[in-house]
Structure formats: structure tokens, C-alpha cells
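Its first residue numbered 0, the sequence shown is counted upward by one per residue in numbering that gives the first Met the number 0.
Ideal Cβ positions, reconstructed from N, Cα and C, are used throughout, including at glycine.
Notes to accompany the following structure.
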Amino acid sequence: MDIPGLLDALVLGLIEGLTEFIPVSSTGHLLLAGHFLGFDSPGRAFEVLIQLGAILAILTVYFGRLLKIAHDLPSDPRTRRFVLGILLAFLPAAVIGAAAHGFIKQVLFESPMLICIMLIVGGFILLIVDRLDLKPRYHDAMDFSLGMYFGIGVAQCLAMIPGVSRSGSSVVAAMLFGSDKRAAAEFSFFLAMPTMAGAFAYDLYKTHDQITTAGAWNIIVGFIAAFIAGVFVVRRLLDFVSQRGFAPFAYWRIIVGAIGLAAVLTFG
0 MDIPGLLDAL
10 VLGLIEGLTE
20 FIPVSSTGHL
30 LLAGHFLGFD
40 SPGRAFEVLI
50 QLGAILAILT
60 VYFGRLLKIA
70 HDLPSDPRTR
80 RFVLGILLAF
90 LPAAVIGAAA
100 HGFIKQVLFE
110 SPMLICIMLI
120 VGGFILLIVD
130 RLDLKPRYHD
140 AMDFSLGMYF
150 GIGVAQCLAM
160 IPGVSRSGSS
170 VVAAMLFGSD
180 KRAAAEFSFF
190 LAMPTMAGAF
200 AYDLYKTHDQ
210 ITTAGAWNII
220 VGFIAAFIAG
230 VFVVRRLLDF
240 VSQRGFAPFA
250 YWRIIVGAIG
260 LAAVLTFG
């Protein structure tokens, strides 16, 4: 058993769980950390499969809400419109992600410099939007308009560029469309469920033949770490955002991106 490899997998799993649901780009953090750790993941199978831990984390925390939505769906028009809104928001990423899968994985995922630049640029954008004197019209994610749901889904497609952040792009779009910060963050949770599950299923189909027995142990360790860290973040993020906004995440992005960019330019 490769102990150093398992330790790397533990670190990367914690990074996945801690960053998946906050607007800092979990993919960017994973790829940068893996690059500097020298972690070998054929076909990016490890990064893909440990996302299941984060998916199960949010499903676990939101299990009660999901049950209520399922219960109310046949009789409540508001609930039906919300589910339709989630599907509309998911659609653009499903189409573009499937069409551009090869380019995303083989070109964009292999450029640490691009990731660092996107972390920095996205950090400044998030900081600017967080400080704008916006007048929110929506205080509940279930009340967004159908056009707003779709617009958030289009914005989420920018996150196919590693370093942009799926949650970050959806949160920024929701706030610009009139959502308050808490509702924007919560809708990013709901949108994460079909988006991450769909990406996981498609990537598993594409990379299943590259999973080895040794790599399976790394995936198990990373999966468990991602699940535990993901539960912690999902349970605390909404209250944190309500009190402090998104500026701390923006500064974090800028700092990590700058350090990573300096390291790439210095060490390659």
C-alpha cells in the first residue's frame, strides 16, 4: 500500500470537500494541489470520483428538504416551478459539458497557469459584486423567475474553465439578477446536485477503464475525506455568508492564485 499516495489522497479529498460548495473553485484547487504534490491520476479519474463524496455530503444535509420537495411536488405549484427552474439551470451545463468534454479535460485541465489566472480574476469579480450596493428582490431561492434560473445556468457554464468556480459563477449571477446572498448560496447548493451528479456519471463512463486497484484505495480515502469535509461546509456556509458575505472567499482566491502563479513561473 502506497502510504505517501494515500496521504496525498487524504489532503486532496479534504480540499475537494472544503472547496466544492464555496466560490473558490474546487477543481482549480484540486488540480493545483495535485500538480505541486506530483499526484498521478490517469485520466483525472481520482478528481472525478471523489466528487461523489461531496455529492453525498450535500444530499445528506439536505435530505429533509429534498423529501419535502418530493412530497409537495404533486400538489404545490411553487414547488413544481422550483424543480423546473433547477432543470432549466442544469440544462446549459449538461449540453455544453458533454459537447466540450474532451477539450475541457485534455486542454483546460492541464494548464496550471490558466487556473491561477482564473482564480485571481474570479476573486476580483466576486469582491466587486459582493461590495456593490445591490437591492435584492428575492430572498428565497424558490421564488426566482424561470428566466433567472436559466440565466444562472448559463453563467454556471463558465465554471468549465478550471479556476472559475461553479458555485462562484452561479452566486455572482444570482446576485446580479436580484437575489440576496443567502438565497444565491442556497440555490448554488440545489443546482450542484444535478450538475455534480451528471458530471460524475459522465466522467465515470469516460474514465472507468483507467481506475486501477492501487488507485482505488486512493479514491476511497479521498471520497471519505471529501464527504466529511463537505458535510461540515454545507452545514455552516449559509450562516457564514449571511454574516460576512463573499469577500473572505474573494481574498482567498486572489492569494492562492497569486501564490500558485508565482510558483508556476518559478518552478514550472
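Mapping DSSP to helix, strand and coil, what is Tyr137?
strand
Going by DSSP in three states, Ser144 sits in which element: helix, strand or coil?
coil
Ser74 (DSSP reduced to helix, strand or coil)
coil
Would you grab the beta carbon distance between Ile49 and Ile253 for me? Rounded to a whole angstrom, and I think it's under 8 Å.
At roughly 26 Å, the Cβ-Cβ gap does not stay under 8 Å, so Ile49 and Ile253 are not in contact.
Nonlocal neighbours in the same chain, by C-beta distance under 8 Å from Ile218, ignoring five residues either side
Ala8, Ala44, Phe45, Leu48, Ile49 and Ile210
Can you list, in chain order, the residues of its chain whose CB lies under 8 Å from that of Phe123, leaving out five sequence neighbours each side?
Ala249 and Ile253
Taking only runs of the alpha helix (DSSP H) that begin and end inside the segment 25–98, which ones reach a length of at least 4 residues, in chain order?
25–36, 44–48, 50–60, 62–71 and 76–98
Over what stretch of residues does the alpha helix (DSSP H) that includes Glu15 continue unbroken?
Ile2 to Thr18
Which residue wins for smallest C-alpha separation from Phe222, given the options Asp1, Ala56 and Ile21?
Ala56
Neighbourhood of Ile151 by C-beta distance below 6 Å, restricted to the same chain and skipping five residues each side:
Ala88, Ser169, Ala172 and Ala173
Quick check: what's the CA-CA separation for Gly137 versus Phe149?
Looking at the sequence provided, one finds Tyr at residue 137 rather than Gly. So the two alpha carbons sit approximately 16 Å from each other.
Spell out whether any CB of chain B is found under 9 Å from the CB atom of Ile116.
Absent from the structure is chain B; it holds one protein chain and no more.
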